[in-house]
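J.: Before I ask anything, let me first share the structure, which is written out below as structure tokens.
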Amino acid sequence: MAAPLSAARWLRLAGGRPGLASTRSVFVARKRTYEQPNWFGVGLAFTTSAALWAFLFKQHNEDVMEYERRKQEKQHKCTGCS
Amino acid sequence: MAFLPDEARSLPPPPIVNKASVWLGLTGWVAALLDNGFAHRPVLRAGVHRQILFASVGWVAGYFLVKHAEYVHAKVDRELLDYVRRHPEDFKEAEKKRIGELLEDFNPVR
Numbered sequence: 000m001a002a003p004l005s006a007a008r009w010l011r012l013a014g015g016r017p018g019l020a021s022t023r024s025v026f027v028a029r030k031r032t033y034e035q036p037n038w039f040g041v042g043l044a045f046t047t048s049a050a051l052w053a054f055l056f057k058q059h060n061e062d063v064m065e066y067e068r069r070k071q072e073k074q075h076k077c078t079g080c081s
Numbered sequence: 000m001a002f003l004p005d006e007a008r009s010l011p012p013p014p015i016v017n018k019a020s021v022w023l024g025l026t027g028w029v030a031a032l033l034d035n036g037f038a039h040r041p042v043l044r045a046g047v048h049r050q051i052l053f054a055s056v057g058w059v060a061g062y063f064l065v066k067h068a069e070y071v072h073a074k075v076d077r078e079l080l081d082y083v084r085r086h087p088e089d090f091k092e093a094e095k096k097r098i099g100e101l102l103e104d105f106n107p108v109r
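Heads up: the protein sequence lines correspond to chains A and B, in order. Using numbering that gives the first Met the number 0, read the first sequence as starting at 0 and increasing by one per residue. Using numbering that gives the first Met the number 0, read the second sequence as starting at 0 and increasing by one per residue.
Structure follows, in structure tokens:
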């Protein structure tokens with residue numbers, strides 16, 4: 000019981016406490032402040048919404064054109080050139 | 000495999016304002032409101048950009064959903080009516096009875 004515990008303690012200490020060796024890291028953790036709006040996020044959201052609506056209207060118009068075109072074609076084929 | 004087969008384009012496309020779009024747009028908007036609620040933000044006034052984005056995503060998803068559903072229904076209808084046309088003996092219209100045959104004879108009791 001004691002042997003694994005002391006082994007674990009040795010392993011933990013052998014790693015070196017943060018104060019013993021100075022480590023450098025690129026990553027810094029900062030607390031988020033919500034004083035300023037996240038303008039990038041806002042811009043991205045509005046741009047994406049505008050793009051989605053533009054895509055929807057474009058797709059709908061294309062669908063309507065294609066449907067009308069096929070209707071005309073079918074009429075032309077069925078009735079023939081009377 | 001595309002979203003829908005080519006023959007689906009022969010169907011009339013759903014209008015921009017359709018039931019699924021309205022419902023899913025509303026769902027997206029409520030999801031944004033819920034997000035505000037969970038994050039302890041003012042529910043209606045905060046994150047308007049998020050509300051608009053979620054509602055738009057729902058609206059577009061609804062449009063394509065309705066297109067797909069209409070295609071599936073049209074396909075089923077076509078197969079059903081084709082079967083009915085090919086098997087007329089199974090779908091004979093019942094002989095219409097005239098009203099004179101339905102009623103009993105009138106024997107006045109005077």
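Glycine is no exception: its CB is placed at the ideal position from the N, C-alpha and C atoms.
Any C-beta of chain B sitting closer than 9 Å to the C-beta of Arg69/A?
T.: It does: the Cβ of Arg69/A has a partner Cβ on chain B nearer than 9 Å.
J.: Counting only C-beta atoms, is Thr47/A closer than 9 Å to chain B at any point?
T.: Interface residue, yes.
J.: Skipping 5 residues on each side, what residues in its chain have a beta carbon closer than 8 Å to that of Leu64/B?
T.: Excluding sequence neighbours, Leu64/B sits near Ala19 and Leu23.
J.: Determine the extent of the alpha helix (DSSP H) in which Ser9/B is found, giving its start and end residues.
T.: Segment: none, Ser9/B is in no alpha helix (DSSP H) and carries neither H nor E.
J.: List, in order along the chain, the chain A residues whose C-beta lies closer than 8 Å to that of Arg8/B?
T.: Neighbours of Arg8/B on chain A, chain order: Asp62, Glu65, Tyr66 and Arg69.
J.: Is Lys73/A close to chain B? Criterion is C-beta to C-beta, closer than 9 Å.
T.: Judged by the 9 Å Cβ criterion, Lys73/A is in contact with chain B.
J.: On a Cα-Cα basis, can you pick out the residue from Trp28/B, Phe2/B, Tyr70/B and Phe53/B that is closest to Pro13/B?
T.: When each option's Cα is compared against that of Pro13/B, the closest is Tyr70/B.
J.: Pick helix, strand or coil for Lys70/A, following the three-state DSSP scheme.
T.: Note: Lys70/A maps to helix in three-state DSSP.
J.: Would you kindly work out how many angstroms separate the C-alpha atoms of Ser21/A and Ala6/A, rounded to a whole number?
T.: Each residue's alpha carbon lies about 25 Å from the other.
J.: Suppose contacts are defined by Cβ-Cβ distances below 9 Å. Is Leu32/B in contact with Val42/B by that definition?
T.: Cβ distance < 9 Å, so Leu32/B and Val42/B count as in contact.
J.: Buried or exposed for His86/B, please, with buried defined as at least 16 other CB atoms from any protein chain shown within 10 angstroms of its CB.
T.: Classification for His86/B: exposed.
J.: Do the CB positions of His48/B and Ala49/A come within less than 9 Å of each other?
T.: Not closer than 9 Å, so no.
J.: Expressed to the nearest angstrom, what Euclidean distance is found between the alpha-carbon atoms of Pro11/B and Cys77/A?
T.: C-alpha separation (whole angstroms): 19 Å.
J.: From Trp38/A to Gly46/B, what does the alpha carbon distance come to, in whole angstroms?
T.: The alpha-carbon atoms of Trp38/A and Gly46/B are separated by roughly 11 Å.
J.: In chain A, which residues lie with their C-beta within 7 Å of the C-beta of His48/B?
T.: In chain order: Val41, Ala44 and Phe45.
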